[in-house]
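Asks: Right, I'll just put the structure down here and ask away after.
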Amino acid sequence: MAQTLLEMAKELVTELIRVHHLSPNDAQSLLSSTHAALQSLHHAEASSTAATSSQTHTEGVSVSADWKRSISKHSVTCLECGSSFRQLSARHLRVHDLDPRSYRAKYGIPNTQPLSSRQATARRRELAQQIRPWEQAASKRNNARAKRAANTR
Ligand SMILES: [Zn+2]
Numbered sequence: 001m002a003q004t005l006l007e008m009a010k011e012l013v014t015e016l017i018r019v020h021h022l023s024p025n026d027a028q029s030l031l032s033s034t035h036a037a038l039q040s041l042h043h044a045e046a047s048s049t050a051a052t053s054s055q056t057h058t059e060g061v062s063v064s065a066d067w068k069r070s071i072s073k074h075s076v077t078c079l080e081c082g083s084s085f086r087q088l089s090a091r092h093l094r095v096h097d098l099d100p101r102s103y104r105a106k107y108g109i110p111n112t113q114p115l116s117s118r119q120a121t122a123r124r125r126e127l128a129q130q131i132r133p134w135e136q137a138a139s140k141r142n143n144a145r146a147k148r149a150a151n152t153r
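Counting in UniProt numbering, the sequence shown tops out at residue 153, every number present.
Put into structure tokens, the structure is as follows:
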């Protein structure tokens, strides 16, 4: 602020004295009440600025939550055109001159987030778990081999 509140109040009151021919005593009380009024206005302004900035902050959060909303249980919504899919394919993203990598970058979607409906993701996870016994057997064999190798040392 270029002017202090006191300077603004003084100017206002000086103007009032000029126009209304206030007595010095009245001017004194008017000065302090004007200053108080300006101060409360300034506080209101400051707190509304704070409210605005906190709202901006909330908006920032909601932007990052947008992609979360785009992925529901049964579908994933393309944030470019609003179409719903079970899985957002690279082929569809090419329509928007994007690929899964640039699409994620554009909307702040983590690389760990699959671009498919939560159900499809869960199904894939299930399938992966069904496959896992084989992997476990394989890794057990590897561990046993490693142990034998350690024992012969
Ligand atoms: Zn699209």
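Virtual Cβ for every residue (Gly too), placed ideally from N, Cα, C.
Keep in mind that this is a model prediction, so the values were computed, not measured.
1) Nearer than 7 Å: is that true of the beta carbon of Glu80 relative to any heavy atom of ligand 1?
2) Between Arg118 and the rest of its own chain, which residues show a CB-CB distance below 6 Å, the 5 nearest in sequence each way excluded?
3) Exposed or buried, which one is Ala137 when buried takes at least 16 other CB atoms within 10 Å?
4) So what does Gln87 bridge to, in DSSP terms?
5) Please name the residue in Val13, His35, Leu38, Ala36 whose C-alpha comes closest to that of Asp26.
6) Can you tell me whether Cys81 is buried or exposed? The criterion is at least 16 other CB atoms within 10 Å of its CB, across all chains shown.
7) Taking DSSP as the reference, what is the three-state secondary structure of Thr4?
8) Buried or exposed, going by whether 16 or more other CB atoms sit within 10 Å of the CB of Gln105?
Replies: Well, looking at it:
1) yes
2) Lys73
3) Counting every other CB atom within 10 Å of its CB across the protein chains shown gives Ala137 a total below 16, marking it as exposed.
4) Ser116
5) Val13
6) By the C-beta density criterion, Cys81 is exposed, having fewer than 16 other C-beta atoms within 10 angstroms.
7) Note: Thr4 maps to coil in three-state DSSP.
8) Going by the sequence as given, residue 105 is Ala instead of Gln. Classification of Ala105: exposed, given that the 10 Å Cβ count is below 16.
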